[in-house]
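Shown next, in structure tokens, is the structure this report addresses.
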Amino acid sequence: LDAGFPGVNTTTPFARIRNNNQIKGGYNFVNRNTDFYTGYQHGTQVLSNMAAYVENQLVGTAPDASYYLFVTEDYNTENPLEESLWVEAAEMADSLGVDVINSSLGYSQFTNASYNYTYQDMNGTTTFVTRGANIAFTRGMIVVCSAGNEGAKPWKYITAPADGPNVLTIGSVNASEVRSSFSSQGPTADGRIKPDVMAMGAGSAVTTETGELGFNNGTSFSSPTLAGLVACLWQALPDKTNAEIVQRIKQSADRYTNPDNFYGYGIPDFYSAISLTLATDAFTLNGFTLYPNPTNANLTISASGQREASFVLYNNLGQEIIRKKLNDLQETTVSMENLRSGMYLYTIVSGQNTFSGKIIKK
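Next comes the structure, spelled out in structure tokens:
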């Protein structure tokens, strides 16, 4: 959801998602037509953080994801109507089966000052757009939202819908992991920690509407960087709910045990977010126990109560790299010491039953 996507239909950095039919459609809610490749290039730059692909120069955080492009922001004015357009787009996204919404938008002050919000309105329940974002979460989606660029301004706080209790609000850090001075802070008016987590938004690599590569600053860019990773994490853990995915992200962050209203829970570690889940949830599988997972070298498998079974390990290309027979009288050790770090898939075949899962090699 943004102000426009000019150049996405013509420039080289987006050729890959065009050629692979990853742009599933879109709509221009401002002009009430299907021409979403128009408007202000802010949306183009935001999308590039997720979807652009220029080999060895700029690769977004989710270049293989599918996208719907919705124009909800009128860049000529700041009007409360845009909140309604945001909600309308979220409703359409829900009907289309969208999993993750990136919202690099924020509302606090308008062209007509009589519509301005106050800090007390940033309580997670007052503004129309935040209420819409809350509903989107109840529909199973994850709303990833920029915290806002008010940190060095008199307002200084987050802007709607970043105040939503179920919105994943993203602040900005630089390449040295230091908070950007412009990054909006918390808490919400009702005292909740915000932002939730941080991502790089200072000196963020982007592509323009003409296809040129450059850099830009703002939580507008930390949000999509994180949103792409959210999509990847959810694809890796498809059985998790939106609430569980959001919690895993917070739990993996480097300030999780000591959050504040400048960094939130800190910078997430998505490798940790995956491995923590696998370590707890994939430990035991239908009578077969695999440990440790993640592993540095050896994987041990016990097959208690099973007669005949086999273990097969595959790389990410689906190629078989290890096969072992399992014995219910003793544990079986699988050496992964010479394998590269990363994620591997496995199957266990026992009689007519086949079980599968994932293993992380550190």
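Be aware that the sequence shown starts at -14, since it is given in my numbering, and climbs by one per residue.
The beta-carbon is built from N, C-alpha and C at its ideal position, and this holds for glycine as well.
Check, Outcome
"Output needed for Thr(-4): all residues of its chain with C-beta closer than 6 Å, excluding positions within five of it in sequence on either side, in chain order.", "Gly196"
"Who are Cys130's beta bridge partners in DSSP?", "Ser88, Thr154"
"If you count every other CB in all the chains shown that lies within 10 Å of the CB of Glu135, and 16 or more means buried, which is it?", "buried"
"Going by beta carbon distance, what residues of the same chain come within less than 7 Å of Leu214, once the five residues before and after it are set aside?", "Thr46, Phe255"
"Look at the Cβ atom of Gly28, then the Cβ atom of Val15, and state whether they are nearer than 9 Å.", "no"
"Could you tell me whether the Cβ atoms of Ile252 and Arg233 are closer together than 9 Å?", "no"
"If you count every other CB in all the chains shown that lies within 10 Å of the CB of Arg17, and 16 or more means buried, which is it?", "exposed"
"What first and last residue would you give for the beta strand (DSSP E) that runs through Asn34?", "Not the beta strand (DSSP E): Asn34 falls in the alpha helix (DSSP H), residues 27 to 36."
"Among Tyr53, Glu67, Met107, Gln105, which residue has its Cα nearest to the Cα of Asn87?", "Tyr53"
"Grab me the residues of Leu153's own chain with a C-beta within less than 8 Å of its C-beta, minus the 5 sequence neighbours each way, in chain order.", "Ile127, Val128, Val129, Cys130, Asp181, Val182, Leu211, Val215, Val231, Ile234"
"Could you round the C-beta distance between Arg177 and Pro150 to whole angstroms and report it? I think they count as a contact, below 8 Å.", "7 Å"
"Run through DSSP, which three-state label would Phe247 get?", "coil"
"Measuring CB to CB, does Tyr102 end up less than 9 Å from Thr111?", "yes"
"Quick one: Cα of Met107 to Cα of Met321, how far?", "51 Å"
"Between which two residues does the beta strand (DSSP E) carrying Val56 extend?", "52 to 56"
"Do Pro209 and Leu32 have their beta-carbon atoms positioned less than 9 Å apart in this structure?", "yes"
"Would DSSP call Gly350 helix, strand or coil?", "The question about residue 350 has no answer, for the chain in this structure spans -14 to 347."
"Pick out whichever of Gln42, Ser93, Val44, Val83 has its Cα sitting closest to the Cα of Ser67.", "As written in the sequence, residue 67 is Glu, which differs from the Ser given in the question. Comparing Cα positions, the closest option is Ser93."
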